[in-house]
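One structure below.
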Amino acid sequence: MHPWVGAGPEDRRHILSELGLKSIDELFSSIPAGVCVDGLDLPPARDEDWIRRTLGEMASTNVAMDSIPCFLGAGVYRHVQPSIVDSVLSRAEFFTSYTPYQPEISQGTLQVIFEFQTLISRLTGLDTANASLYDGATALVEAALFSHRVLRGKRNLVVVAETIHPMYRRVLDTYTEAAGIEVAVVAPGDDGRLDPATIIETSGDRACCVVVQSPNFLGILEDLPQLAAAAHDSGALAVEVVTEAVSLGLLAGGGSLGFDVVCGEAQSFGVAPGFGGPHLGFFACASKHLRQMPGRLAGETVDEDGNRAFCLTLSTREQHIRRAKATSNICTNQGLMALAATVWLEAVGGSGLRELATSCLARSEELKRRIKAVGDPWRIAYPESPTFNEFLLVGPGNGTELVKRLTAENVLAGVPTTDWGGSWPDGILVAVTECNPATDLEALIGALEKLS
Amino acid sequence: MTIPDDLKYARSHEWIKTEGDSVVVGISHYAQDQLGEVVYVELPDVGATFAVGDELGTLESVKAVSEFLSPVAGEVLEVNTRLEDEPNLVNDDSYGNGWLVKLKGSSESKELLDAADYKELLEQESA
Numbered sequence: 001m002h003p004w005v006g007a008g009p010e011d012r013r014h015i016l017s018e019l020g021l022k023s024i025d026e027l028f029s030s031i032p033a034g035v036c037v038d039g040l041d042l043p044p045a046r047d048e049d050w051i052r053r054t055l056g057e058m059a060s061t062n063v064a065m066d067s068i069p070c071f072l073g074a075g076v077y078r079h080v081q082p083s084i085v086d087s088v089l090s091r092a093e094f095f096t097s098y099t100p101y102q103p104e105i106s107q108g109t110l111q112v113i114f115e116f117q118t119l120i121s122r123l124t125g126l127d128t129a130n131a132s133l134y135d136g137a138t139a140l141v142e143a144a145l146f147s148h149r150v151l152r153g154k155r156n157l158v159v160v161a162e163t164i165h166p167m168y169r170r171v172l173d174t175y176t177e178a179a180g181i182e183v184a185v186v187a188p189g190d191d192g193r194l195d196p197a198t199i200i201e202t203s204g205d206r207a208c209c210v211v212v213q214s215p216n217f218l219g220i221l222e223d224l225p226q227l228a229a230a231a232h233d234s235g236a237l238a239v240e241v242v243t244e245a246v247s248l249g250l251l252a253g254g255g256s257l258g259f260d261v262v263c264g265e266a267q268s269f270g271v272a273p274g275f276g277g278p279h280l281g282f283f284a285c286a287s288k289h290l291r292q293m294p295g296r297l298a299g300e301t302v303d304e305d306g307n308r309a310f311c312l313t314l315s316t317r318e319q320h321i322r323r324a325k326a327t328s329n330i331c332t333n334q335g336l337m338a339l340a341a342t343v344w345l346e347a348v349g350g351s352g353l354r355e356l357a358t359s360c361l362a363r364s365e366e367l368k369r370r371i372k373a374v375g376d377p378w379r380i381a382y383p384e385s386p387t388f389n390e391f392l393l394v395g396p397g398n399g400t401e402l403v404k405r406l407t408a409e410n411v412l413a414g415v416p417t418t419d420w421g422g423s424w425p426d427g428i429l430v431a432v433t434e435c436n437p438a439t440d441l442e443a444l445i446g447a448l449e450k451l452s
Numbered sequence: 453m454t455i456p457d458d459l460k461y462a463r464s465h466e467w468i469k470t471e472g473d474s475v476v477v478g479i480s481h482y483a484q485d486q487l488g489e490v491v492y493v494e495l496p497d498v499g500a501t502f503a504v505g506d507e508l509g510t511l512e513s514v515k516a517v518s519e520f521l522s523p524v525a526g527e528v529l530e531v532n533t534r535l536e537d538e539p540n541l542v543n544d545d546s547y548g549n550g551w552l553v554k555l556k557g558s559s560e561s562k563e564l565l566d567a568a569d570y571k572e573l574l575e576q577e578s579a
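Here it is, written out as structure tokens:
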């Protein structure tokens, strides 16, 4: 048999005769007949060209993000994609390999992980970052469970801002329910921001951590130093979650503002928006809590000749060492996406990231100004609150209807908040990035005026 | 394999030294040898109380994570905070600076072995 080509009729006959069986059905006879499907009604096999053409036609009935002005965000953002990212990513050495089980032989992979950790550590302002997690939502869950462990399970309450991404909260609920940990949700004030006094009140002396997001789900920047202080006053750890990682190009990472954990989603760094992912979680903490951190850690060392080399400083402990005593199900990391983020950040560079973030902020502010000028019936839900590159827009109707009507005007205006509930107005989250030229802004303003 | 005569031993390989009305607990030379290089020690909180056989803490080596058990009943008076930065003391000086926990309690127990009996236990285990 050829290693790359599936078994043909001859091969099957050979295998069956070796097994002393007459048919494939006999091989699977242990499967009860009741659970088997008796024949699938499938169309005849088609050739590759037909499939490509037909699926292409089907796909073209979608409105692609790049085909019309697009302001979608709400946790997934569109940013520049230097072509070097996909070029490095598609190298077979990286693309086809699974996590290295004999890690030190994979020096390239370890170097990438080491650089990724270094970049995340610098952006978050904390001295330890792990090799990555699956996505922002599970990174947040890991931070909550981490805090529970750091305080030795004595505090059983996770206090979480209502203004973290609603999907993250659902993932948090799933995990904490199973772990017997309570969750208390803190609503924002009239300005869409958290009040430290409410945090202290809700936490009492039972919270293991206080989780806040900045920019929050409404795009608004929280007063991070005050919130960290409120968490610490309650004896809890302070956890910041970030869903728009590019904001870290302009805003200080929570680590330098008193936060014990900064985690979240790094999709913005070189992972193109896709339906269903992939995403990229990151997790950073103070090194004194290193042993409670989930996942793995690559380190820099020297080989026997004194050359710079990399090693797995903290190995896949959950698999090899802790086993039944594992504290997390994270045995590996989101290797390929961590590579994308690393190459992206290194291509963009430190000053480049700042420029990019500044451009997002400037365009977003410009759009806010122009929406204010359009005026009634359109308004910005929290006009006085500082934002980075996203804000909540309300208009004549609920968010879902408005998005539908604006799409008919050939503008993807944003993500409606209608189906997510929350203590804020039903509207559209509008995200603006460096991928929105002035003509996009014109198009949206034109559509809003038309619907006025 | 050193087995000091003045200590008592638990079947789970902890050693116990009496100091007035308290006891000091560590793991035996044999136990540290079986574990391999210890890289992290998780110790209990001072003031916590334990029954005989309760998990006092964990020892993480490059090979495995193992718990160590409370050989006596009592309250934690002190833990060896030096192990936070120097977990290798458990290997290098298992009967001295590598001690783990000091408990208020008594080592008067039929379950604990003297050095001769512990040596016998090790011979049986390695047989």
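Quick note, the sequences are listed as chains A and B, same order. In case it helps, our numbering puts the first sequence at residues 1 to 452. In case it helps, our numbering puts the second sequence at residues 453 to 579. C-beta: ideal position from N, C-alpha, C; glycine also.
- A/Thr342 is a Cβ neighbour of A/Val112, given a cutoff of 7 Å.
- One thing to note: B/Asp506 has its Cβ within 7 Å of the Cβ of B/Ser522.
- For A/Ser234, there is no enclosing beta strand (DSSP E), as DSSP gives it neither H nor E.
- For A/Arg291, the chain B residues whose C-beta falls within less than 7 Å of its own C-beta are Tyr492, listed in chain order.
- Membership of A/Glu409 in any beta strand (DSSP E) is not indicated, and neither H nor E is assigned to it by DSSP.
- Straight through space, the alpha carbons of A/Gln117 and A/Asp86 are spaced by roughly 20 Å.
- Less than 7 Å divides the Cβ of A/Leu356 from the Cβ of A/Gly249.
- Per the C-alpha coordinates, the member of A/Pro3, A/Pro396 and A/Ala228 positioned closest to A/Gly258 is A/Ala228.
- Contact annotation: B/Val531 and A/Lys325 have beta-carbon atoms that are not nearer than 7 Å.
- Residue environment analysis places A/Thr109 among the buried positions, since at least 16 neighbouring C-beta atoms fall within 10 angstroms of its C-beta.
- Cβ atoms of A/Gly192 and A/Trp424 come within 8 Å of each other, at about 7 Å.
- Within the segment 149–161 of chain A, contact with chain B at the beta-carbon level (separation under 8 Å) is assigned to Arg152.
- Sequence-distant Cβ neighbours of B/Val514 in its own chain, meaning closer than 8 Å and more than five residues away, are Gly488, Glu489 and Val491.
- With fewer than 16 other CB atoms across the displayed protein chains lying within 10 angstroms of its CB, A/Ala33 is exposed.
- Nearest neighbour of A/Leu133 by Cα position, chosen from A/Glu401, A/Leu280 and A/Ser359, turns out to be A/Leu280.
- Nearest CB-CB separation between B/Val517 and chain A: below the 7 Å threshold.
- Between A/Glu222 and A/Ser214, the beta carbon gap of about 4 Å places them in contact (Cβ cut-off 8 Å).
- Apart from the 5 residues on each side of it in sequence, A/Arg370 sits with its Cβ closer than 8 Å to the Cβ of Leu441 and Ile445 in its chain, given in chain order.
- Between A/Ser452 and A/Pro377 a beta carbon distance of about 6 Å is seen, short of the 8 Å cut, so the two are scored as contacting.
- Within the segment 46–129 of chain A, there are no complete beta strand (DSSP E) runs of at least 3 residues.
- Secondary structure note for A/Phe28: it is in no alpha helix (DSSP H), with a DSSP letter that is neither H nor E.
- Of the other Cβ atoms in all chains shown, fewer than 16 fall within 10 Å of the Cβ of B/Arg534; this residue is therefore exposed.
- For B/Trp467, there is no enclosing alpha helix (DSSP H); the residue is found in the beta strand (DSSP E) stretching over Glu466 to Glu471.
- Inclusion of B/Leu574 and B/Lys556 in the CB contact set at 7 Å is not warranted, their separation being larger than that value.
- Rounded to the nearest whole angstrom, the C-alpha separation of A/Val185 and A/Val212 is 10 Å.
- Under the 10 Å beta carbon count, A/Pro437 is surrounded by fewer than 16 other beta carbons and is classified as exposed.
- Comparing alpha carbon positions, the residue from A/Gln334, A/Arg169 and A/Leu157 closest to A/Gly180 is A/Leu157.
- Counting only Cβ-Cβ distances below 7 Å, A/Lys372 has no contacts in chain B at all, with the closest Cβ about 56 Å away.
- Beta-bridge partners assigned by DSSP to A/Gly253: none are found.
- A distance below 7 Å separates the beta carbons of A/Ala381 and A/Gly427.
- Annotation: the continuous alpha helix (DSSP H) that includes B/Tyr482 extends over His481 to Leu487.
- For A/Pro44, the three-state secondary structure derived from DSSP is coil.
- Not one beta carbon of chain B lies nearer than 7 Å to the beta carbon of A/Lys404.
- Closest in alpha carbon position to A/Leu393, among A/Arg46, A/Leu42, A/Arg12 and A/Leu72, is A/Leu72.
- The beta carbon of B/Tyr482 sits closer than 6 Å to those of Met453 and Leu574, all from its chain and outside the five residues before and after it, given in chain order.
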